[in-house]
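Down below is the structure, laid out as structure tokens.
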Amino acid sequence: AQSVTQPDIHITVSEGASLELRCNYSYGATPYLFWYVQSPGQGLQLLLKYFSGDTLVQGIKGFEAEFKRSQSSFNLRKPSVHWSDAAEYFCAVGVSNDYKLSFGAGTTVTVRA
Amino acid sequence: NAGVTQTPKFRVLKTGQSMTLLCAQDMNHEYMYWYRQDPGMGLRLIHYSVGEGTTAKGEVPDGYNVSRLKKQNFLLGLESAAPSQTSVYFCASSWTGPPYEQYFGPGTRLTVT
Chain Z
1 AQSVTQPDIH ITVSEGASLE LRCNYSYGAT PYLFWYVQSP GQGLQLLLKY FSGDTLVQGI
61 KGFEAEFKRS QSSFNLRKPS VHWSDAAEYF CAVGVSNDYK LSFGAGTTVT VRA
Chain X
1001 NAGVTQTPKF RVLKTGQSMT LLCAQDMNHE YMYWYRQDPG MGLRLIHYSV GEGTTAKGEV
1061 PDGYNVSRLK KQNFLLGLES AAPSQTSVYF CASSWTGPPY EQYFGPGTRL TVT
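Chains as they are written, first to last, in the numbering used here: chain Z, 1 to 113; chain X, 1001 to 1113.
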């Protein structure tokens, strides 16, 4: 069965420190990969996406993610976290023959001063 | 462009009452989706539509109905609300081609007492 796993439910990071959020997927076909961010009380905003080409993709707000086919992973990173990055982050996966996306359960990021 | 809008933003219903959530998009997207978000479960697809006049069931369709009479609008109905339908509901839309990135509305917080 197809699935998306975000192993970390909650991460706490100090402001200015680096952040890495993990995402693993189980799909038979070539995936399309997305990271979304949800600030408290808001909808989901697309941070970045991968569907072909360079496996390191840059997104908004200083985020980047790397697709590793051999590990079935698409981890999100940010070198220096700001207090405004406190939010919930969702990994989502789609495949070329299906327009529906599957979402992970989300990782909540808390930023401490 | 307003993007994807949802009305209402908040609603409290009593068990057995009915209501309709409205989603509107001004991006001329063909595909539209309704999700529910519950703590620790990510987003689960309720119903979706691949064009005006079409609807299809998603992962958790029971207790909900939908209609897509106009391309820009996608309505989600609860005929007889139950406490298990207390959730945050998100509407999204996407283009017809890959990678099918979805654009989300701000959400509707529904409480059923």
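Glycine included, every Cβ here is placed at the ideal spot set by N, Cα and C.
Listed along chain Z are Ala105, each with a C-beta nearer than 8 Å to that of methionine 1041/X. Secondary structure at proline 31/Z: strand, using DSSP grouped into helix, strand and coil.
Per the C-alpha coordinates, the member of Ala105/Z, Val81/Z and Ala29/Z positioned closest to alanine 17/Z is Val81/Z. Counted as a single uninterrupted DSSP element, the beta strand (DSSP E) harbouring threonine 1007/X occupies residues 1004-1007. Sequence-distant partners of proline 79/Z (beyond 5 residues in either direction) whose C-beta falls short of 6 Å from its own C-beta, in its chain, are Ser18. Per the Cβ contact rule, the region 38-47 of chain Z is not in contact with the region 18-27 of chain Z (fewer than 3 Cβ pairs under 8 Å). Contact between the region 50-59 of chain Z and the region 1005-1024 of chain X is not established, with fewer than three Cβ pairs separated by less than 8 Å.
A straight line joining the alpha-carbon of cysteine 91/Z with that of phenylalanine 103/Z spans about 6 Å. Isoleucine 60/Z sits in a helix when the DSSP states are folded into three classes. Contact annotation for phenylalanine 34/Z against chain X: Glu1101 [CB-CB distance below 7 Å, chain order]. In the DSSP assignment, serine 1049/X falls within the unbroken beta strand (DSSP E) covering 1043-1049. Of all C-beta pairs linking the region 1072-1080 of chain X to the region 97-112 of chain Z, fewer than three are shorter than 8 Å, placing the two stretches out of contact.
Between the alpha carbons of valine 93/Z and glycine 1053/X lies a gap of roughly 27 Å.
Taking CB atoms only, lysine 68/Z has no neighbour in chain X less than 8 Å away. Contact annotation: in the region 1043-1064 of chain X, residues whose CB is within less than 7 Å of a CB in chain Z are Leu1043, Leu1045 and Tyr1048.
Here DSSP, grouped into helix, strand and coil, assigns tryptophan 1095/X to coil. With fewer than 16 other beta carbons inside 10 angstroms of its own, valine 1012/X counts as exposed. Excluding five sequence positions before and after serine 73/Z, the CB atoms of its chain that fall closer than 6 Å to its own CB belong to Asn24, given in chain order. Around tyrosine 27/Z, the same chain offers Gln2, Val93 and Val95 as residues with beta carbons nearer than 7 Å, after the five sequence neighbours per side are excluded. Per DSSP, reduced to three states, the secondary structure at glutamine 45/Z is strand.
Per DSSP, methionine 1027/X lies in no beta strand (DSSP E) segment and is marked neither H nor E.
By the beta-carbon neighbour count (other beta carbons within 10 angstroms, threshold 16), phenylalanine 67/Z is buried.
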